[in-house]
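Visitor: Residue numbers for the sequence shown follow this note's numbering, beginning at 31 and rising by one. I'd like to ask you about the structure that follows.
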Amino acid sequence: MNYLKTGMLLAALTALFGVVGYLIGGAAGLLIALALAAGMNLFSYWNSDRLALAAYNAQEVDERAAPEFVGMVRQLAERAGLPMPRVYIIDNPQPNAFATGRNPQNAAVAATTGLIRLLSREELAGVIAHELAHIKNHDTLTMTISATIAGAISSIAQFGLFFGGGNRNNNGLGTIGTILLVVLAPIAAMIIQMAVSRSREYEADRMGAEFCGNPLWLSTALAKISQGVVHIPNEDAERHPATAPLFIINPLSGRAMDNLFSTHPATENRIAALEQIARAMGISPQRSSSFLGGAGRAAGPWGNAARPRGPWG
């Protein structure tokens, strides 16, 4: 089913790419756009994870550099029945995380320093479990490729301002039509991304709760991340808005039209769904156990007494 979603999404984005090319350059523009789209689809399939990680200057870490964090990812990947993904840290104060990669064998998980500092160990486990669920469902392939192509649609639409908007074909597009194209084409690409984005978040929340063993860890993490995103901007995300659907919470600051155009479900709805899952599992906040199976919940990300000065030891 996820491969079918991927194919349908890529077909829709490719068609939109072709329409933009036709409106800008007529039949020749259509052929050029379709050729570019085909090449970009192939390039994105093999390189979309590298592009997403490079956009945020993510640094790969191992168990020597980040033993606590990498060990947590390894333990959760084993629970999820997944190969160990590559692990990255993004030096950014906004709390957030994403997963990327064309398949579970070539996947990566990235978390910001802001996320690691903000969350308790259990809450961080809930977030990582959510990202591993995306990998398990092959959502990472869908969204990384769509983010790349959506960004390209924005770029090719802007080229229309330099090539006259197809006036040579007398198709009536003109300057005003070209300006509308520059505005509307990226919105159309975003709507196509939204077609699968919202439902995949709910499913990843549900599966992530199963992987970590406690839905409440993720629900409290979502509440904290949502508040952090509101108050802490992510400049890299603002420069690469097409990558916003990759994150567990929308990292963009411009959210006036959130209900209509958001790539993510409302956080309060996700929290309510997770709390319902917790009740069905017989879990209450008072019975929430430690991720490591110990007695009692750690007060900070790595415990109070011996918390290291840095976010990963």
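Where a beta carbon is used, it is the ideal one built from N, C-alpha and C, also for glycine.
Buried or exposed: which applies to Asp-235, given that a residue is buried once 16 or more other Cβ atoms fall within 10 Å of its Cβ?
Guide: As a first step, residue 235 is located in the sequence shown; it is residue number 205 there, counting from the start. Classification for Asp-235: buried.
Visitor: Quick one: Cα of Ala-45 to Cα of Met-173, how far?
Guide: Here residue 45 refers to the residue found at position 15 when the sequence shown is read from its first residue. Here residue 173 refers to the residue found at position 143 when the sequence shown is read from its first residue. Cα to Cα, the separation comes out at about 17 Å.
Visitor: Within the continuous beta strand (DSSP E) that includes Thr-273, where are the two ends?
Guide: Here residue 273 is taken as the residue at index 243 of the sequence shown, counted from 1. That residue, Thr-273, is in no beta strand (DSSP E); it is neither H nor E in DSSP.
Visitor: Would you kindly check if the distance between the Cβ of Trp-247 and the Cβ of Gly-101 is under 8 Å?
Guide: In the sequence shown, residue 101 corresponds to position 71, counting from 1. In the sequence shown, residue 247 corresponds to position 217, counting from 1. It is not a contact, given that the beta carbons lie outside the stated cut-off.
Visitor: Comparing alpha-carbon positions, which option in Ala-253, Ala-251, Glu-265, Pro-245 lies nearest Gly-312?
Guide: Here residue 312 refers to the residue found at position 282 when the sequence shown is read from its first residue. When the alpha-carbon of Gly-312 is set against those of Ala-253, Ala-251, Glu-265, Pro-245, the nearest one is in Pro-245.
Visitor: So, Ile-222 versus Asn-126, is the Cβ gap smaller than 8 Å?
Guide: Your numbering for residue 222 matches position 192 in the sequence shown. Your numbering for residue 126 matches position 96 in the sequence shown. No; because the gap between Cβ atoms is not below 8 Å, this pair is not in contact.
Visitor: Is it the case that the Cβ atoms of Ala-219 and Ile-186 are separated by a distance below 8 Å?
Guide: In the sequence shown, the residue the question calls residue 219 occupies position 189. In the sequence shown, the residue the question calls residue 186 occupies position 156. For Ala-219 and Ile-186, no; Cβs fall outside 8 Å.
Visitor: So which of His-270, Pro-271, Glu-233, Thr-250 has the shortest CA-CA distance to Leu-148?
Guide: As a working note, residue 148 is residue 118 in the sequence shown. For Leu-148, the nearest C-alpha among the options comes from Thr-250.
Visitor: Only counting the same chain, and skipping five residues up and downstream in sequence, which positions put a Cβ closer than 8 Å to that of Leu-315?
Guide: Along the sequence shown, read from residue 1 onward, the residue named residue 315 stands at position 285. Position check: residue 315 holds Pro in this sequence, whereas Leu was assumed. Within the same chain, Pro-315 has close Cβ partners Leu-246.
Visitor: How is Tyr-118 classed by DSSP in three states: helix, strand or coil?
Guide: The residue labelled residue 118 in the question sits at position 88 within the sequence shown. It is a strand residue.
Visitor: What does DSSP give as the partner residue(s) for Val-91 in the beta ladder?
Guide: For the purposes of this step, residue 91 is taken as the residue at position 61 of the sequence shown. According to DSSP, which records beta bridges pairwise, Val-91 is partnered with Val-117.
Visitor: With C-beta atoms as the reference, is Gly-144 less than 8 Å away from Ala-137?
Guide: Within the sequence shown, the letter at position 114 stands for residue 144. Within the sequence shown, the letter at position 107 stands for residue 137. No.
Visitor: Does the pairing of the stretch 94-114 with the stretch 68-76 give three or more beta-carbon distances under 8 Å?
Guide: In short, these stretches do not touch, since the Cβ pair count stays below three.
Visitor: Please state the DSSP three-state secondary structure of Ala-138.
Guide: By 1-based counting over the sequence shown, the position of residue 138 is 108. In the structure shown, Ala-138 sits in a strand (DSSP, three-state: E or B).
Visitor: Can you tell which of Leu-211, Pro-275, Val-259 has the C-alpha that lies nearest to the C-alpha of Arg-230?
Guide: As a position in the sequence shown, residue 230 is number 200, starting the count at 1. If we check each option's Cα against that of Arg-230, Pro-275 comes out closest.
Visitor: By DSSP, does Ala-96 sit in helix, in strand, or in coil?
Guide: Within the sequence shown, numbered from 1, the residue matching residue 96 stands at position 66. If DSSP states are grouped into helix, strand and coil, Ala-96 belongs with coil.
Visitor: Does Ala-215 come out as helix, strand or coil in the three-state DSSP assignment?
Guide: Numbered from its first residue, the sequence shown carries residue 215 at position 185. Helix.
Visitor: Helix, strand or coil: which one does DSSP assign to Ala-45?
Guide: By 1-based counting over the sequence shown, the position of residue 45 is 15. Residue state, collapsed to three classes: helix.
Visitor: If you compare alpha carbons, which of Arg-116, Arg-309, Gly-48, Gly-111 is closest to Asp-79?
Guide: Here residue 79 is taken as the residue at index 49 of the sequence shown, counted from 1. The shortest C-alpha separation from Asp-79 is found at Arg-116.
Visitor: With C-beta atoms as the reference, is Ala-140 less than 8 Å away from Asp-266?
Guide: The count along the sequence shown starts at 1 and reaches residue 140 at position 110. The count along the sequence shown starts at 1 and reaches residue 266 at position 236. Contact annotation: Ala-140 and Asp-266 have beta-carbon atoms that are not nearer than 8 Å.
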